[in-house]
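Numbering (this note's numbering), first residue to last: 115 to 245.
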């Protein structure tokens, strides 16, 4: 009987040692968004807008997405989403500015969510001119 009890204690100890430690959701923080491009405040029609964004999380990402929104119409010019469970998501692409009315406002918006549901949004606004 004592031998079975000792064996049971050893098995339980081994199972607990292999158990993945769960993080307390209150101890997690939202992802970090670094917008390297676009950085200009003004672009001309026909310009190429570089998109370079790095989204990181200390533990695990869920997804990140970015939008180019034409204002005040609230039209989405372009959108890209990446789903990943790594700690980093990188957007590295470009957008060629098409035909708009002169002096259109454009919002570049990046949204990210980590595996724990923590969210963050960053934005960079610029104006498109018709030279």
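Idealized CB from N, CA, C, for every residue including glycine.
Fewer than three beta-carbon pairs drawn from the stretch 225–235 and the stretch 205–213 are found closer than 8 angstroms, and the two stretches are therefore not classed as touching. In terms of Cβ geometry, residue 220 and residue 240 form a close pair [threshold 7 angstroms]. The C-beta distance from residue 169 to residue 145 rounds to 5 angstroms, short enough to fall under 8 angstroms.
Straight-line spacing of the CA atoms in residue 205 and residue 199 works out to 15 angstroms.
Partner residues in the beta bridge of residue 202, as assigned by DSSP, are 170. For residue 142, the three-state secondary structure derived from DSSP is coil. Pairing residue 197 with residue 188, the inter-Cα distance amounts to about 25 angstroms. Put simply, the backbone Cα of residue 164 is about 13 angstroms away from that of residue 180. Taken atom to atom, the span from the alpha-carbon of residue 185 to that of residue 218 is near 7 angstroms. The continuous beta strand (DSSP E) containing residue 190 extends over residues 189–197. Residue environment for residue 182: buried (at least 16 other C-beta atoms within 10 angstroms of its C-beta).
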